[in-house]
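S.K.: Structure incoming, see below.
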Amino acid sequence: MPHIYIDGKRIETQSGKTIIEAAYDNGLYVPHFCWHPELSVAGNCRMCLVEVGLPKRLPNGEFETDSNGNIVVSYMPKLQIACATQVADGMHVRINHDKVIKAQEAVMEFLLINHPLDCPICDEAGQCKLQEYAFNHSRGESRFEETKNHKDKRVPWGPNVLFDAERCISCSRCIRFAKEIAKQDVLSFVQRGDHVTIKVQDGAKFDNNYSMNVIDICPVGALTSPDFRFKSRVWDMSFNDSICMGCSRGCNIQIGVRNNEILRIEPKTNMYVNKYWMCDYGRLSYYKKINENRVVSPAVKKNGVQTEVSWDEAISTAASILRKYKPSEMMFVGSGRSSTENNYALARFAKNVAKSVNLDFYERTDQSFADDFLRTNDLNPNSAGCRNVGVSPASDKFSLKKLSENITNGSIKLVYIMDEDFDLEDKYIQALQKAEAIIIHSTNHSKLTEIADVVFASSYFAESEGTFVNTDNRVQYFEPALVTTENLHRMGMKMSRLDKFGAANDRWTQKELRNCRPAWKVLSLLASHFSVNFNYNKSEDVFNDIAHNVGSFNGMSYRLLKKHQGIIVGKSSNPDPVRHNYESHYMKPN
């Protein structure tokens, strides 16, 4: 294994690695714009220029030393780009030398010659790599006095990406992504020279399942999202780690929030799951449902009308209804869109408290949704979690597929539904209208909440902590991003500066504070009405119970899930190694 020296520090690396890769593997930073570990090397930006040398040899082949006995290094007369120069055994690299610093300042001055002063209106401001480098690697002044070049602005490349040619620094990341990752080779440079720009091929659109990833990897504000454009400054937002609920891949994400409202969703690096990417569907499909039409407090049907009540009244009413029915007359429905903790608590309540084995969850499959990259045909993020904790029927006779038949013939009289709306399929709605009683945990108002006898206001995954188990049986932890009355006391460090310190009369603090709770907490309180104590005070208590009682989860903990970015079911004693993840933009808010 070759060893090299970077600014005098000896590091070991692998043959075939480039200098920039070797540096990152060892926690050293080399400034760059165009390089990305998942894309081919372009060498456009020259920001990663470094000084490279090798030990000087005497005619007899021995290394030459100076008067102090140190090996003399012969450096190349010209700087080399770290993104394309492969390491060699004994190589010496300088990344913080005067010659390198002057080159970086020259590159920055060149890049800023025609760059517009759009920072006050640019969506990228506050997380811009060009701003970051202008501060850290620039002289802070320009000798350019001529008129800047003007290029096209607000050019739609497709339905989800807008291009501003004036801001583009021609790093070619988007071009390489389109060709190599998205497999839609429709972007290219045209008019090469000082008027160079990027265009979509005539008659084509940049429209694919992963098009919005170019916005994330663009080092400047040249590519923006029409969905997020001008909504907020990133420094006024909070960004918390979570898991995408678009399908069973379980892409790691960050949820951007201001005024207790989700404004955008973007990928978080996890080399074991989604690497640096996520699909456009995951970004755009469900966050508005989390923001709008929410059930904000528990309700009970009185005289045929849904009436908001206290949690104590709602829970005691549900307990009274449950006592009216035999175990065989109850059907409990879990949810592949709810956390493993919630589903485990439901299974425990159904089997140990209600003494019923009629337990199932609603499956969502769509073969046309899947592709050969990230998207799967299972549209539930936690189907594997449901199965692992026992949310499955004891026999086909009382599976969800037979619900309509069992309600009609009177064998099922009460249906207890947790965080599931059956995609509002008519056959389920019509069947449930015939049931004698319905108790439901629901996040949103729907036809189901209208016919329910008791409605528990339920927390979305973005309002609670918990785990999903993805298609590869990887257990992954997510944390809350939105504030509710239930989690308010724990959200201080997770809230944005505006949300945390805004005054009561500020327009950005008029957020809706929902009186909703995760299902495990409600089920725990409901169990106490039957003299059963679950002993759950927080989500971690539920997961620890799972780890103790479900063999494939033995040895797992929230701490280990965070450390290893997830653990495969049954492999807690041999988790995947902790990775040093590449982050393109260091000034991005967290």
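With the first letter of the sequence shown counted as 1, position 369 gets the number 377 in our numbering; the numbers rise by one all the way through.
Using N, Cα and C, we set each Cβ at its ideal position, and we do this for glycine too.
What residues match up with Phe476 in a beta bridge as DSSP calls it?
M.R.: BP columns for Phe476 point to Gln484.
S.K.: Just tell me which of Ala362, Pro389 and Asn221 has its CA closest to the CA of Ser233.
M.R.: Ser233 has its Cα closest to that of Asn221, out of Ala362, Pro389 and Asn221.
S.K.: Among Met253, Glu149 and His44, whose alpha-carbon lies nearest the alpha-carbon of Ser180?
M.R.: For the residues Met253, Glu149 and His44, the minimum Cα distance to Ser180 belongs to His44.
S.K.: Going by C-alpha distance, which of Arg567, Phe538, Ser539 and Val540 is nearest Asn552?
M.R.: When only C-alpha atoms are compared, the closest one is Arg567.
S.K.: Just checking my contact of Ile447 with Tyr468 at CB under 8 Å: how many whole Å lie between their CB atoms?
M.R.: Not really, about 19 Å apart at Cβ, beyond 8 Å.
S.K.: If Ala362 and Met338 are in contact, beta carbons under 8 Å, what's the gap, nearest whole angstrom?
M.R.: Yes, they are in contact, since the Cβ atoms of Ala362 and Met338 sit about 6 Å apart, within 8 Å.
S.K.: Which partner residues does Phe340 have in the DSSP bridge list?
M.R.: In the DSSP output, where bridge partners are listed per residue, Phe340 has Leu367 and Tyr424.
S.K.: In chain order, what residues of the same chain lie with their CB nearer than 6 Å to the CB of His100, ignoring the 5 residues before and after it?
M.R.: Closer than 6 Å at Cβ, skipping near neighbours: Tyr13, Gly61 and Val81.
S.K.: Between the beta-carbon of Arg498 and the beta-carbon of Ile576, is there less than 7 Å?
M.R.: No. Outside cutoff.
S.K.: Kindly list the residues whose CB is nearer than 8 Å to the CB of Arg505, restricted to its own chain and excluding five residues on each side of it in sequence; keep chain order.
M.R.: Around Arg505: Trp243 and Asp244.
S.K.: How big is the Cα-Cα spacing for Ser407 and Ala445?
M.R.: Approximately 18 Å between the Cα atoms of the pair.
S.K.: On the premise that Arg383 lies in contact with Asn217, defined as a C-beta separation below 8 Å, what is that separation, rounded to the nearest angstrom?
M.R.: Yes, Asn217 and Arg383 are in contact; Cβ-Cβ is about 7 Å, under 8 Å.
S.K.: Select from Leu387, Asp427, Ala443 and Leu36 the residue whose C-alpha is nearest the C-alpha of Leu411.
M.R.: The option with the nearest alpha carbon to Leu411 is Ala443.
S.K.: Could you say which of Gly563, Phe538, Trp528 and Ser536 lies nearest to Lys546 if we only look at CA atoms?
M.R.: It is Trp528.
S.K.: According to DSSP, simplified to helix, strand and coil, what is Arg291?
M.R.: Residue state, collapsed to three classes: helix.
S.K.: Going straight from the alpha carbon of Ala355 to that of Gly398, what length do you get?
M.R.: Answer to the nearest angstrom: the Cα atoms are 6 Å apart.
S.K.: As a quick exercise: from Asp368, Gly166 and Pro306, pick the residue whose alpha carbon is nearest that of Trp319.
M.R.: The option with the nearest alpha carbon to Trp319 is Pro306.
S.K.: Could you tell me which residues DSSP pairs with Gly264 in its beta bridges?
M.R.: Beta-bridge pairing links Gly264 to Phe247 and Arg272.
S.K.: Give me the residue from Tyr436, Asn452, Gln573 and Leu534 with the minimum Cα distance to Tyr485.
M.R.: Looking at the Cα atoms, Gln573 is the closest of the given residues.
S.K.: Can you list, in chain order, the residues of its chain with a C-beta nearer than 6 Å to that of Trp165? Leave out the 5 residues immediately preceding and following it.
M.R.: The residues are Phe171, Val208 and Phe214.
S.K.: Pairs of beta-carbons, one from the segment 315-330 and one from the segment 529-540, closer than 8 Å: are there three or more?
M.R.: The segment 315-330 vs the segment 529-540: in contact.
S.K.: If you check the beta carbons only, do Cys136 and Val228 fall under 7 Å apart?
M.R.: Cβ atoms of Cys136 and Val228: closer than 7 Å.
S.K.: Could you give the distance in angstroms between the alpha-carbon of Phe561 and the alpha-carbon of Arg395?
M.R.: Going by the C-alpha atoms only, they are around 13 Å apart.
S.K.: Considering Cα atoms alone, identify which of Ser466, Ile298, Cys524 and Ile554 is closest to Phe476.
M.R.: Phe476 has its Cα closest to that of Ile554, out of Ser466, Ile298, Cys524 and Ile554.
S.K.: Output the distance between the C-alpha atoms of Pro128 and Ala489, rounded to the nearest integer angstrom.
M.R.: Straight-line Cα distance between these residues: approximately 27 Å.
S.K.: DSSP has Val101 in a bridge; who is on the other side?
M.R.: DSSP lists Ile14 and Val60 as partners of Val101.
S.K.: Quick one: is Arg302 buried, meaning 16 or more other Cβ sit within 10 Å of its Cβ, or exposed?
M.R.: Buried, because 16 or more other Cβ atoms sit within 10 Å of the Cβ of Arg302.
S.K.: Check His572 in the structure and name its three-state DSSP category.
M.R.: Residue state, collapsed to three classes: helix.
S.K.: I think Met55 touches Gln112, with their Cβ atoms under 8 Å apart; what is that distance to the nearest whole Å?
M.R.: Sure, about 6 Å apart at Cβ, within 8 Å.
S.K.: Less than 6 Å separating the Cβ of Gly148 from some heavy atom of the ligand GDP?
M.R.: As presented, the structure is devoid of all ligands, the ligand GDP included, so that no description of it is given.
S.K.: Does the beta-carbon distance from Leu57 to Ile89 come in below 7 Å?
M.R.: Their beta carbons are under 7 Å apart, which means Leu57 touches Ile89 by this criterion.
S.K.: Report the CB separation of Thr479 from Ser219 in whole angstroms; it is logged as a contact under 8 Å.
M.R.: Wrong, their Cβ atoms sit about 23 Å apart, outside the cutoff.
S.K.: Helix, strand or coil for Asn278? Go by DSSP, reduced to three states.
M.R.: Asn278: strand per DSSP, three-state reduction.
S.K.: Could you tell me if Lys297 is buried or exposed, where buried requires 16 or more neighbouring beta carbons within 10 angstroms of its beta carbon?
M.R.: With fewer than 16 other Cβ atoms within 10 Å, it is exposed.
S.K.: So does the segment 365-372 actually touch the segment 331-350, counting three or more Cβ pairs closer than 8 Å?
M.R.: Because the criterion of three Cβ pairs below 8 Å is met, the segment 365-372 and the segment 331-350 touch.
S.K.: Which of the three DSSP states is assigned to Thr205 in this structure?
M.R.: In this structure, Thr205 counts as strand in the three-state DSSP scheme.
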